[in-house]
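Taking the numbering used here, the leading residue of the sequence shown gets 6, the next gets one more, and so forth.
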Amino acid sequence: MTDLNRSSAQILESIDPSNGEVVGSVAITNEAALKTIVERAAQAQVNWGQRPLHERSSLVQQAYAALEDAEESMAMLISREMGKDTRRAGYEASGTLHGGRYLAAETAKAFASQRLAGNSEIQYRPVGTVAVISPWNYPLAMANNLIVPALVAGNSVILKPSEETPLVADMLVNILNETLPSGVLQIAHGGGDVGEALVKSNINMVAFTGSLQTGRNIMANAAPQLKRLVMELGGNDPMIVLDDADVFAAAQFAVASSFENAGQMCTSTERVYVDEKIAEQFEQAVVSIASQYKVGSWRDSRVNIGPLVNAKQHAKVVSHIEDALDKGATLLFGERKPLLPFIPPTVISNINPTMIIESEETFGPVVAIDRFGSLDDVIKRANDSVYGLGAVVFGERNAKKVAQQLQAGMIGINQGVGAGGDAPWVGAKQSGFGFHGSVEGHRQFAQVTVINH
Ligand code: NAD
6 MTDLNRSSAQ ILESIDPSNG EVVGSVAITN EAALKTIVER AAQAQVNWGQ RPLHERSSLV
66 QQAYAALEDA EESMAMLISR EMGKDTRRAG YEASGTLHGG RYLAAETAKA FASQRLAGNS
126 EIQYRPVGTV AVISPWNYPL AMANNLIVPA LVAGNSVILK PSEETPLVAD MLVNILNETL
186 PSGVLQIAHG GGDVGEALVK SNINMVAFTG SLQTGRNIMA NAAPQLKRLV MELGGNDPMI
246 VLDDADVFAA AQFAVASSFE NAGQMCTSTE RVYVDEKIAE QFEQAVVSIA SQYKVGSWRD
306 SRVNIGPLVN AKQHAKVVSH IEDALDKGAT LLFGERKPLL PFIPPTVISN INPTMIIESE
366 ETFGPVVAID RFGSLDDVIK RANDSVYGLG AVVFGERNAK KVAQQLQAGM IGINQGVGAG
426 GDAPWVGAKQ SGFGFHGSVE GHRQFAQVTV INH
């Protein structure tokens, strides 16, 4: 009996991490159900892919417009399922509705055929069925970024949302399906085993957002049929604060970016290197700003750091803090061993590369700092990671020179990354390949075909 058969008729419960209450449940997609979903997706794709591009784009826009009435309910479900504070959950729900509509219009421009000089025409044809596998940290936004271009390109989509956030994903898919043709967008529920079965099934492409380890598994399982991949993986983003930086602005950014979404953001600042000439002042400012944050349940509207999503993630963050302190780091603010389910705002200094907090993605509300004396050394240290998602530099005269040498897909100078309208969201090194956003990103979801005539 396979794992999927064992889990047939099993129920996946969604738990509110702030108090352990069951928010609701969904049926786990068993092997037989998954087979039906995959067959249905292939059938539905044939008609969908043949519809004119402008029709597909306008239907997807209409589908997203229909989310308007559900904006508040979606925000509430995000908070309840993964603990996000209500303000941020509201932004995500509203971004899903408006961003989805905008993206559906924008992506259409990327898929129009082009006539080249000479006798060639480039067409952007559908790939087939795309499995969108998404994480829990931005349960709607991360799914959306991949669902929209995949659909507008003429593919059918099977969404496998995170097992932490199945209910809000269900709500999204159900509402979109009031407008979309049957079978074009479906959902499969369950954990990693269901994701793995989906990757191995008769689909054509996997568009994945999640951890590096899962990305490696997906690549291995996609290899036999050379399935197309878009991989948006983890990060360990460095921030470098130069001696002529605006210290307060840099401290404000370091705290906000480390604490965003309780630190559970792929491009959150994971390690901060500050020039020793301004380090004292910078660390004091960081502690002072961090102390103004309030940790707790999303039910309290003053809270801006919610709980960690689950006990495993909480234990991981605590172990990174403890490892750093055991190896000589200094706890400037916070607790050595916070209790479930929260991690209060934490500031640690004197980190070094032997500490897990420096070498791995922590994904918790921790500002982890060290001081540097040499620019060449700090650039080397910032680049000494398998990851290369984002990187940030604060400062003036050498900021551009430093940014030029950082190995990351997205780099911010005196600001965060990924803020630029139609720019792609892209990682370097083992933070992934294949990407979304921008004309080039949208086209990752199409089969480029050249016709000479
Ligand atoms: P995860 O890798 O544990 O899970 C992501 C999804 O993959 C879930 O739906 C899960 O069920 C599924 N999955 C697990 N094992 C699988 C397998 N073997 N085959 C197929 N699917 C499988 O990640 P997570 O904990 O949900 O999310 C956090 C991670 O996501 C962090 O590393 C974060 O940096 C990363 N992330 C990256 C981006 C980006 O844009 N680069 C954005 C958000 C999150």
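Don't be surprised by glycine CBs; every beta carbon is placed ideally from N, CA and C.
Note that the structure is a prediction, hence the values are computed from the model and not measured.
My output table needs one value for residue 364: the three-state DSSP class, helix, strand or coil.
Locating residue 364 in the sequence shown gives position 359, counting from the first residue. Correct three-state label for residue 364: helix.
Please report the distance separating the alpha-carbon of residue 439 from that of residue 430.
Stepping through the sequence shown from its first residue, residue 439 is reached at position 434. Stepping through the sequence shown from its first residue, residue 430 is reached at position 425. Rounded to whole angstroms, residue 439 to residue 430 spans 10 Å at the Cα level.
Closest by CA to residue 279, which one among 273, 287 and 124?
As a position in the sequence shown, residue 279 is number 274, starting the count at 1. Residue 279 has its Cα closest to that of 287, out of 273, 287 and 124.
Which residues bound the beta strand (DSSP E) around residue 129?
Position 124 of the sequence shown, counted from the first residue, corresponds to residue 129. Residues 125–131.
Select from 328, 380, 341 and 262 the residue whose C-alpha is nearest the C-alpha of residue 364.
Taking the first residue of the sequence shown as 1, we reach residue 364 at position 359. Ranking 328, 380, 341 and 262 by Cα distance to residue 364 puts 328 first.
So which of 318, 64 and 332 has the shortest CA-CA distance to residue 347?
Residue 347 sits at position 342 when you count from the first residue of the sequence shown. It is 318 whose Cα lies nearest to the Cα of residue 347.
Determine whether the beta carbon atoms of residue 19 and residue 171 lie at a separation below 8 Å.
In the sequence shown, counting from the first residue as 1, residue 19 sits at position 14. In the sequence shown, counting from the first residue as 1, residue 171 sits at position 166. A contact, by the Cβ cut-off of 8 Å.
Does DSSP put residue 410 in a helix, in a strand, or in coil?
Here residue 410 refers to the residue found at position 405 when the sequence shown is read from its first residue. Three-state result, residue 410: helix.
Does the beta-carbon distance from residue 350 to residue 310 come in below 8 Å?
Stepping through the sequence shown from its first residue, residue 350 is reached at position 345. Stepping through the sequence shown from its first residue, residue 310 is reached at position 305. Their beta carbons are under 8 Å apart, which means residue 350 touches residue 310 by this criterion.
Taking C-alpha atoms, which residue in 200, 181 and 341 lies nearest to residue 140?
The residue you call residue 140 lines up with position 135 of the sequence shown. Looking at the Cα atoms, 200 is the closest of the given residues.
Would you say the beta carbon of residue 96 comes nearer than 7 Å to a heavy atom of the ligand NAD?
Along the sequence shown, one-based indexing puts residue 96 at 91. Result no, Cβ not under 7 Å from the ligand NAD.
According to DSSP, simplified to helix, strand and coil, what is residue 284?
Along the sequence shown, read from residue 1 onward, the residue named residue 284 stands at position 279. In the structure shown, residue 284 sits in a helix (DSSP, three-state: H, G or I).
So, is residue 144 buried or exposed, given that buried needs 16 or more other C-beta atoms within 10 angstroms?
Sequence index remark: in the sequence shown, residue 144 carries index 139 (1-based). Buried.
Use the C-beta contact count for residue 204: other C-beta atoms within 10 angstroms, 16 or more gives buried, fewer gives exposed.
Here the question's residue 204 lines up with position 199 in the sequence shown. Looking at its Cβ environment, which holds 16 or more other Cβ atoms inside 10 Å, residue 204 is buried.
Mapping DSSP to helix, strand and coil, what is residue 200?
In the sequence shown, residue 200 corresponds to position 195, counting from 1. Under the three-state reduction of DSSP, residue 200 is assigned to helix.
Quick one: what does DSSP say residue 116 is sitting in, helix, strand or coil?
Sequence index remark: in the sequence shown, residue 116 carries index 111 (1-based). In the structure shown, residue 116 sits in coil (DSSP, three-state: anything other than H, G, I, E or B).
My assumption, with CB atoms under 8 Å, is that residue 336 sits in contact with residue 353. Please give the rounded CB distance.
Position 331 of the sequence shown, counted from the start, is the residue given in the question as residue 336. Position 348 of the sequence shown, counted from the start, is the residue given in the question as residue 353. Contact flag correct, Cβ pair sits at about 6 Å.
Pull up the distance between the alpha-carbon of residue 456 and that of residue 256, whole angstroms please.
The residue labelled residue 456 in the question sits at position 451 within the sequence shown. The residue labelled residue 256 in the question sits at position 251 within the sequence shown. Taking the straight line from one Cα to the other gives about 54 Å.
Closer than 7 Å: is that where the CB of residue 182 sits relative to any heavy atom of the ligand NAD?
Along the sequence shown, read from residue 1 onward, the residue named residue 182 stands at position 177. Relative to the non-hydrogen atoms of the ligand NAD, the Cβ of residue 182 never comes closer than 7 Å to any of them.
Check whether the Cβ of residue 240 sits closer than 7 Å to any heavy atom of the ligand NAD, and report yes or no.
If you number the sequence shown from 1, residue 240 lands on position 235. The answer is yes for residue 240.
Where in the stretch 262–314 do unbroken runs of the alpha helix (DSSP H), each at least 4 residues long, occur, reported from the N-terminal end onward?
284–295
Rank 40, 77, 59 and 82 by C-alpha distance to the C-alpha of residue 30 and give the top, closest one.
As a first step, residue 30 must be located in the sequence shown, where it is residue number 25. Closest option to residue 30, Cα to Cα, is 82.
Counting only runs that start and end within the stretch 347–396, where is the beta strand (DSSP E) found for 3 or more residues in a row?
351–354 and 371–377
Residue 397 and residue 147 look like a contact to me (Cβ under 8 Å); what is the Cβ gap, rounded to whole Å?
Working through the sequence shown from its first residue, we reach residue 397 at position 392. Working through the sequence shown from its first residue, we reach residue 147 at position 142. Wrong, their Cβ atoms sit about 21 Å apart, outside the cutoff.
Give a yes or no on contact between the stretch 151–169 and the stretch 122–139, applying the rule of three or more CB pairs nearer than 8 Å.
yes
Is the stretch 268–278 close to the stretch 383–395, with three or more CB pairs under 8 Å?
The stretch 268–278 makes contact with the stretch 383–395, as at least three CB pairs between them are under 8 Å.
Residue 16 by DSSP, collapsed to three states: which one?
Position 11 of the sequence shown, counting from 1, holds the residue named residue 16. DSSP places residue 16 in strand when its eight states are reduced to three.
Quick check: the Cα distance between residue 442 and residue 428, rounded to an integer number of angstroms?
To locate residue 442, count along the sequence shown from 1; it is residue 437. To locate residue 428, count along the sequence shown from 1; it is residue 423. Using only the alpha carbons, I get a separation of about 6 Å.
Is the beta carbon of residue 277 sitting closer than 8 Å to the one on residue 49?
In the sequence shown, counting from the first residue as 1, residue 277 sits at position 272. In the sequence shown, counting from the first residue as 1, residue 49 sits at position 44. For residue 277 and residue 49, no; Cβs fall outside 8 Å.
Which of the three DSSP states, helix, strand or coil, is assigned to residue 194?
Looking up residue 194 in the sequence shown gives position 189. Looking at residue 194 - three-state DSSP - the assignment turns out to be coil, as it is neither helix nor strand.
State yes or no: is the C-beta of residue 219 nearer than 7 Å to some heavy atom of the ligand NAD?
As a working mapping, residue 219 is identified with position 214 in the sequence shown. Yes, the beta carbon of residue 219 sits closer than 7 Å to at least one heavy atom of the ligand NAD.
Let me know the secondary structure DSSP gives residue 90 once reduced to three states.
For the purposes of this step, residue 90 is identified with residue 85 of the sequence shown, where counting begins at 1. Three-state DSSP puts residue 90 in coil, outside helix and strand.
Considering only C-alpha positions, which residue in the set 240, 250, 249 and 284 is nearest to residue 263?
On the sequence shown, residue 263 is found 258 positions in, with the first residue counted as 1. Considering only alpha carbons, the answer is 240.
Does any heavy atom of the ligand NAD sit closer than 7 Å to the C-beta of residue 104?
Start at 1 with the first residue of the sequence shown, and residue 104 comes out as number 99. In terms of side-chain proximity, the C-beta atom of residue 104 is found no nearer than 7 Å to any non-hydrogen atom of the ligand NAD.
From the DSSP output, in three-state form, read off residue 401 for me.
Looking up residue 401 in the sequence shown gives position 396. The answer is coil: DSSP assigns residue 401 none of H, G, I, E or B.
List, from N- to C-terminal side, the alpha helix (DSSP H) runs of 4 residues or more that fit wholly inside the stretch 119–184.
146–157 and 171–181
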